[in-house]
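Residue numbers (the working numbering), protein chains in the order written: chain A, 1 to 386; chain B, 1 to 386.
Number of protein chains: 2
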Amino acid sequence: MENITQILFSLFLIYASAKLLGELFERFKQSALIGEIIAGVLLGPQVLNLIGTSEIFPVLAQIGAIFLLFTVGLQTKVEDIMTVGRTSLVVAFLGVIFPFIFGYLYILIINHSTVEAMFIGAAMVATSVGITARVFADLGIIETKVARVILGAAVIDDVIGLVVLAIVTGLGKGALSFVKIGLITLEAIGFIAFLILIGRRVVYRMIPRVASFRTRDAVFSLAILFCLLLSVVASYIDLAAIVGAFLAGMVLAELNIEFNLSVKTESLYNFLVPFFFVILGSWVDLTIFTRPALLWAALVITIFAVIGKLLGCGLGALNLGKRDALMVGFGMVPRGEVGMIIASIGLNMKAIRSDLYTVIIFMVMATTLVTPPILRGLTKNVRSET
Amino acid sequence: MENITQILFSLFLIYASAKLLGELFERFKQSALIGEIIAGVLLGPQVLNLIGTSEIFPVLAQIGAIFLLFTVGLQTKVEDIMTVGRTSLVVAFLGVIFPFIFGYLYILIINHSTVEAMFIGAAMVATSVGITARVFADLGIIETKVARVILGAAVIDDVIGLVVLAIVTGLGKGALSFVKIGLITLEAIGFIAFLILIGRRVVYRMIPRVASFRTRDAVFSLAILFCLLLSVVASYIDLAAIVGAFLAGMVLAELNIEFNLSVKTESLYNFLVPFFFVILGSWVDLTIFTRPALLWAALVITIFAVIGKLLGCGLGALNLGKRDALMVGFGMVPRGEVGMIIASIGLNMKAIRSDLYTVIIFMVMATTLVTPPILRGLTKNVRSET
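Here it is, written out as structure tokens:
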């Protein structure tokens, strides 16, 4: 075990560099997430090598990922998804299918295993709501129909992304067979259905009782407990822990405002989530830049990630007119947390190797960097016409 | 490394049992802290053995202790201590000297080393503000003079307790000599003086700049950074990490309300601090109850802990009249976080063995359990007379 002083020093360094580089990237109108990953690359073993080998760091990263997805879940009401409209639904589904198939086929073609291909496909699925929403909010057009379609679709494809992850994780743990795919899909859907139909009722009956407990912030404590419990259960039945955390948030989403749950989770998020992104960054294999074949693969995957969403989501939104369909398509391009989580899970369970992991991180960063200027260009026209 | 599912399961169990037993004890008008320690005893290796051996648990406990002391620091304004009045100051000092000497001498007499005797003495020093404040608040007499004297004195003896800890920690790391005692005392006082005189100014100049940063909650992030940094520095110069965390809080105390720092720290506290108390509980050696000599030592230490405060603080408050002096004396009896932290640091650096560690935990729990009913009895008379 490393000395506690060393561990505290690493904690300080990780948190400080994440916040510093995050701020720097935000000043250049980029996502703080990219700054945090780069902080991890810099602190990682290939550059400064300042993160210790203690197992505390990957575990803290995992706890960070759990609170990250819990927060996303808290903002995802079941009702909102149900009523988001046919367009968002179609956009989300087509936007999942195209990138998955592109990624899956390409990875198979360059001679990797089926499980690897499925992980890469899965990691290309989920749009990051945050970045597009941020650009739209900055431009003051978050209330337009295009924005609503994108946000609705992004939430839905988070859910689909997590279901795909649940399936892929289950598959990664053993031999592949159609029976197994079927069983794990059923398990994932059963878990979600159980929570939404029964888990919700149980929680809603417990909350008023717990609210009168003497323990300070008893409802928030119950929310944390619920998040930990579902993470354990999801992890135990071979779905990913974060799928459980996301569902815990989703089940509690309707109580979010009444009990200030997101607000209270915010400081846990603030403290713990940077560890997740920095540790993710520290796993990046920089030798990718010395291996032309791999660099080539990263570029192709990035292009497929862009074209997949443009085609899928653009087709899905064609009823809004061509230009709006184009905006929806580009708006859905940035990948973020969920893609990286899928890559990191694949890496940790040794279903993918560090080269493909790095390809995914490259793709996430590239799609995130490329989107804001394109969206700004497209929306400039919108505003000048209206 | 343990499997992540197992670690998450332990996290869930620790958090759940802490909250459950905490609630139970609060219902019996006791401190939640006792419930959390008992949760740790139950989950510990001698009973259910459900806490894994992963190093993540002691590290999480340490992070919990850091946020605990940071929160206490945030509520401790330098100005308040300066103006708290001569009575509180005298009460605090005498209330530190008597228990320390009693504990120190008794441990020497029963044939332990000087370092052990100093750790036990140090662990007997600091009153837990929380329990007395809670009883007084419940009885609606928190605004009386007696209450103000006690609260002021309790804050001061936290500070003194941490200085004593700083010195004792430094001593525990090597051979004992008067030169070394002098050097470490100077180091501790120098560190504190530097922070209060210079650190405060630096922070106060940085805060307005940081407040305009793009990073969400930038001031709170800076506060966390400052807390981590001072913990590392304190740990590095052989003071305890928590001394740094406490001082970080104290330096920021005046900005606490403006920037909502305590409020924002609350959920970190809620999530992380239970790990500290549960892990402390899991280190308790239950064989104490089969060893008459040790049980005897625990009783004697507890009695000295009570008499030391009664005598020291009672004498210091004699100018308030005999009955109020008695109330002040009893009000200062409960020990809490700081005493247990000192014991756990001693255990971890192998300055004390698990038998004396358990004696301290016994003393903390006994003084905490015994005080509320006595205070209620004494205050009943106060209220019926006024």
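We put the beta carbon where it would ideally sit given N, CA and C, even for glycine.
### Counted within 10 angstroms of its Cβ, other Cβ atoms place Val-91(B) as buried (16 or more) or exposed
As a position in the second sequence, residue 91(B) is number 91, starting the count at 1. Flag for Val-91(B) reads buried.
### Task
Select from the stretch 331-363 of chain B all residues with a C-beta closer than 7 Å to any C-beta belonging to chain A, and list them in chain order.
none
### Task
Out of Val-210(B), Arg-335(B) and Phe-289(B), point me to the one whose CA is closest to Lys-19(A)'s CA.
Taking the first sequence and counting its residues from 1, the one referred to as residue 19(A) is at position 19. It is Val-210(B).
### Task
Pull up the DSSP beta-bridge partners for Arg-335(B), would you.
Mapped onto the second sequence, residue 335(B) falls at position 335. For Arg-335(B), which the question treats as bridged, DSSP gives the partners Thr-127(B).
### Query
Count the other CB atoms within 10 Å of the CB of Ser-212(A); is the residue buried (16 or more) or exposed (fewer)?
One-based indexing of the first sequence puts residue 212(A) at position 212. Exposed, since its Cβ has fewer than 16 Cβ neighbours within 10 Å.
### Query
What residues from the stretch 192-217 of chain B come within 7 Å of chain A, judged by C-beta to C-beta, listed N to C?
Phe-213, Arg-214, Thr-215 and Asp-217
### Task
Give a yes or no on whether the minimum CB-CB distance between Asn-270(B) and chain A is below 9 Å.
By 1-based counting over the second sequence, the position of residue 270(B) is 270. It does; some Cβ of chain A falls within 9 Å.
### Message
Quick check on the burial criterion: 16 or more other C-beta atoms within 10 angstroms. Buried or exposed for Ala-143(A)?
### Response
Translated into the one-based positions of the first sequence, residue 143(A) becomes position 143. For the sequence presented, residue 143(A) should be read as Glu rather than Ala. So Glu-143(A) counts as exposed.
### Message
Against chain B, does Ala-137(A) count as a neighbour if the rule is that its beta carbon must be under 9 Å from one of theirs?
### Response
Residue 137(A) sits at position 137 when you count from the first residue of the first sequence. It does not; no Cβ of chain B falls within 9 Å.
### Message
Tell me the DSSP secondary structure of Trp-283(A) in three-state form.
### Response
Counted from its first residue, the first sequence places residue 283(A) at position 283. Coil at Trp-283(A), not helix or strand.
### Burial state of Gly-46(B), where buried means 16 or more other Cβ atoms lie within 10 Å
Here residue 46(B) corresponds to residue number 46 of the second sequence, with the count starting at 1. The sequence shown places Gln at residue 46(B), not Gly. By the neighbour-count rule (16 or more Cβ atoms within 10 Å), Gln-46(B) is not buried but exposed.
### Query
So, does the CB of Ser-128(A) fall closer than 9 Å to a CB anywhere in chain B?
Residue 128(A) sits at position 128 when you count from the first residue of the first sequence. Ser-128(A) does not count as touching chain B.
#### Entry: Rounded C-alpha distance that separates Leu-322(B) from Val-232(B)
For this step, residue 322(B) is matched to residue 322 along the second sequence. For this step, residue 232(B) is matched to residue 232 along the second sequence. The sequence given here has Lys at residue 322(B), not Leu. The alpha-carbon atoms of Lys-322(B) and Val-232(B) are separated by roughly 45 Å.
### Message
Going by DSSP, what residue range makes up the alpha helix (DSSP H) through Ala-240(A)?
### Response
Position 240 of the first sequence holds residue 240(A). Looking at the DSSP string, Ala-240(A) is not in any alpha helix (DSSP H), and its letter there is neither H nor E.
### Query
alpha helix (DSSP H) containing Val-91(A): first to last residue?
Reading the first sequence from its first residue, position 91 is the one you call residue 91(A). Where Val-91(A) is concerned, the enclosing alpha helix (DSSP H) stretches over 86-109.
### Query
For Met-124(A) versus Leu-195(A), is the C-beta spacing smaller than 9 Å?
In the first sequence, residue 124(A) corresponds to position 124, counting from 1. In the first sequence, residue 195(A) corresponds to position 195, counting from 1. Result no, Cβ atoms of Met-124(A) and Leu-195(A) do not sit closer than 9 Å.
### Task
Round the Cβ separation of Ile-120(A) and Ile-107(A) to the nearest angstrom and send it over; I've been treating them as touching at under 8 Å.
By 1-based counting over the first sequence, the position of residue 120(A) is 120. By 1-based counting over the first sequence, the position of residue 107(A) is 107. So it is a contact: roughly 5 Å between Cβ atoms.
### Query
With a Cβ-Cβ cutoff of 9 Å, do Leu-165(A) and Cys-313(A) count as a contact?
By one-based count along the first sequence, residue 165(A) stands at place 165. By one-based count along the first sequence, residue 313(A) stands at place 313. No; because the gap between Cβ atoms is not below 9 Å, this pair is not in contact.
### Query
Thr-386(A) by DSSP, collapsed to three states: which one?
As a first step, residue 386(A) is located in the first sequence; it is residue number 386 there, counting from the start. Caution is warranted here: a pLDDT of 45 is assigned to Thr-386(A), below 50, making its placement in the model unreliable, and no coordinate value can be reported.
### Query
Since Ile-51(A) meets chain B, which of its residues come closer than 7 Å, beta carbon to beta carbon?
Here the question's residue 51(A) lines up with position 51 in the first sequence. Simply none; closest approach about 14 Å.
### Task
Identify, in the order they occur along the chain, each residue of the same chain with its Cβ nearer than 7 Å to the Cβ of Ala-188(A), setting aside the five sequence neighbours on each side.
Start at 1 with the first residue of the first sequence, and residue 188(A) comes out as number 188. Within the same chain, Ala-188(A) has close Cβ partners Val-163, Ala-166, Ile-167 and Leu-239.
#### Entry: Validate contact between the stretch 326-338 of chain B and the stretch 126-137 of chain B using beta carbons, cut 8 Å, 3 pairs
yes
### Task
Answer yes or no: does any C-beta atom of chain B fall closer than 9 Å to that of Leu-315(A)?
For the purposes of this step, residue 315(A) is taken as residue 315 along the first sequence, with counting starting at 1. Not an interface residue.
### Task
Inspect the beta-carbon positions of Asp-217(B) and Val-155(B) and report whether they are closer than 9 Å.
Looking up residue 217(B) in the second sequence gives position 217. Looking up residue 155(B) in the second sequence gives position 155. The answer is no: Cβ separation not under 9 Å.
#### Entry: Validate contact between the stretch 365-374 of chain B and the stretch 25-34 of chain B using beta carbons, cut 8 Å, 3 pairs
yes
### Message
In whole angstroms, give me the CA-to-CA distance for Ile-56(A) and Tyr-204(B).
### Response
Position 56 of the first sequence, counted from the first residue, corresponds to residue 56(A). Position 204 of the second sequence, counted from the first residue, corresponds to residue 204(B). Rounded to the nearest angstrom, the two C-alpha atoms are 33 Å apart.
### Query
Tell me which same chain residues have a C-beta within less than 6 Å of the C-beta of Ala-153(B), skipping the five on either side of it?
Position 153 of the second sequence, counted from the first residue, corresponds to residue 153(B). Within the same chain, Ala-153(B) has close Cβ partners Ser-88, Val-91 and Ala-92.
### Which listed residue (Ile-374(A), Ile-341(A), Leu-255(A) and Val-306(A)) has its alpha carbon closest to that of Leu-74(A)
Along the first sequence, read from residue 1 onward, the residue named residue 74(A) stands at position 74. It is Leu-255(A) whose Cα lies nearest to the Cα of Leu-74(A).
### Query
What's the C-alpha gap between Asn-402(B) and Phe-67(A)?
One cannot answer for residue 402(B) here, as it falls past the ends of chain B, which runs 1 to 386.
### Task
Show which residues of chain B have a CB atom less than 9 Å away from the CB atom of Leu-42(A).
Indexing the first sequence from 1 puts residue 42(A) at position 42. Those within 9 Å of Leu-42(A) in chain B number zero; the least Cβ separation is about 17 Å.
### Inter-stretch contact (C-beta, 8 Å, three-pair minimum) for the stretch 5-18 of chain B and the stretch 271-286 of chain B
yes
### Task
Could you name the residues of the stretch 218-235 of chain A whose beta carbon sits closer than 9 Å to any beta carbon of chain B, in the order they occur along the chain?
Ala-218, Phe-220, Ser-221, Leu-222, Ile-224, Leu-225, Leu-228, Leu-229, Ser-231, Val-232 and Ser-235
### Query
In three-state DSSP terms, what is Ala-317(A)?
Residue numbering aside, residue 317(A) sits at position 317 when the first sequence is read from its first letter. Here Ala-317(A) sits in coil by DSSP.
### Message
Could you tell me the alpha carbon to alpha carbon distance between Gly-64(B) and Leu-21(A), rounded to whole angstroms?
### Response
Here residue 64(B) is taken as the residue at index 64 of the second sequence, counted from 1. Here residue 21(A) is taken as the residue at index 21 of the first sequence, counted from 1. Going by the C-alpha atoms only, they are around 26 Å apart.
### Message
9 Å is my cut-off, CB to CB: does Ala-32(A) come that close to chain B?
### Response
On the first sequence, position 32 is the one that residue 32(A) refers to. Chain B contact via Cβ: present.
### Query
What's the gap between the Cα of Asn-319(A) and the Cα of Leu-69(A)?
Your numbering for residue 319(A) matches position 319 in the first sequence. Your numbering for residue 69(A) matches position 69 in the first sequence. Near 32 Å, if we compare the C-alpha coordinates of Leu-69(A) and Asn-319(A).
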